[in-house]
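Below is one structure, written out as structure tokens; the observations come after it.
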Amino acid sequence: MPTLLDADQTARVHASFDAQAFMRTLDARMTGLAAGQCELSMPIHAAFAQQHGFLHGAVVTALSDSAAGHAALSLMPPGSSVLAIEYKQNFFAPAVGDTLIARAEVVRSGKSVSVVTAKAFSIAKGVEKPVGLLVATMMTMPDAA
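With the UniProt record's numbering as the guide, the letters of the sequence shown map in order to residues 1 to 145.
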């Protein structure tokens, strides 16, 4: 069962997400948050399609990266933030349908580096289908503020 965050930590993670202009451009929403876990979702728009009509892989990767970063951030102490220093994205199938979801979970949270996975799913006609897996390394750093 997920461990809930306290109100301050929850607000801090949401504030970080809300500050991301690119996530607003994608119309992404934070739909789940617990200690070491984050779920983001967004509508699949034709405006973000690649030449074959599928959602562009960069969009899948961006949503997954953001979910991974916020999962890692949920375990960081106040006054710190995270930044991706490496990731690998695998694609299983084209992202088609109505909604894209990225569910991230911290594998290891360290003092300076964390490892996180993010699984991406598309939903078409109410059916969820796995479309990708991201494995990311996140660096802990002081808040930019």
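We treat Cβ as the ideally placed atom computed from N, Cα and C, and that holds for glycine. Computed from a prediction, not measured in an experiment: that's the story for all the values here.
Identity of the residue in the options nearest residue i by Cα
i: Gly-36; options: Pro-142, Ser-81, Leu-75; result: Leu-75
i: Val-116; options: Tyr-87, Pro-43, Pro-130; result: Tyr-87
i: Lys-119; options: Gln-20, Pro-43, Glu-128, Ser-16; result: Glu-128
i: Ala-34; options: Asp-6, Val-60, Ala-19, Arg-24; result: Asp-6
i: Arg-108; options: Met-139, Met-30, Val-59; result: Met-139
i: Ser-41; options: Gln-51, Gly-53, Gln-50, Ala-68; result: Ala-68
i: Leu-55; options: Pro-78, Val-113, Ile-123; result: Ile-123
i: Gln-51; options: Leu-83, Ser-112, Leu-4, Pro-94; result: Pro-94
i: Val-96; options: Asp-65, Met-141, Ala-47; result: Ala-47
i: Gly-79; options: Met-141, His-70, Leu-4, Val-113; result: Met-141
Environment of residue i [buried if 16+ CB atoms lie within 10 Å]
i: Gly-132; result: buried
i: Asp-8; result: exposed
Residue i - partner residues in DSSP beta bridges
i: Leu-33; result: Cys-38
i: Thr-99; result: Pro-43, Ile-123
i: Ser-81; result: Met-141
i: Gly-132; result: Phe-91, Ala-120
i: Ser-16; result: For Ser-16, which the question treats as bridged, DSSP gives no partner whatsoever.
Straight-line gap, residue i to residue j (C-alpha atoms, nearest Å)
i: Ala-15; j: Met-30; result: 11 Å
i: Asp-143; j: Ser-81; result: 5 Å
i: Asn-90; j: Gly-57; result: 10 Å
i: Ala-19; j: Gly-53; result: 30 Å
i: Gly-32; j: Cys-38; result: 6 Å
i: Ser-12; j: Ile-44; result: The identity of residue 12 in the sequence shown is Arg, whereas the question assumes Ser. Taking the straight line from one Cα to the other gives about 27 Å.
i: Ala-104; j: Val-60; result: 13 Å
i: Ile-85; j: Val-135; result: 11 Å
i: Ala-72; j: Met-23; result: 17 Å
Cβ shell of residue i (< 8 Å), same chain only, five flanking positions each side left out
i: Phe-92; result: Pro-130, Val-131, Gly-132, Leu-133
i: Ala-65; result: Here residue 65 turns out to be Asp, not Ala, going by the sequence shown. Contacts found: Ala-84, Tyr-87, Ala-118, Leu-134, Ala-136.
Neighbourhood of residue i by C-beta distance below 6 Å, restricted to the same chain and skipping five residues each side
i: Asp-27; result: Met-42, Pro-43
i: Ile-101; result: Ser-41, Phe-121
i: Pro-2; result: Ala-34, Gln-37
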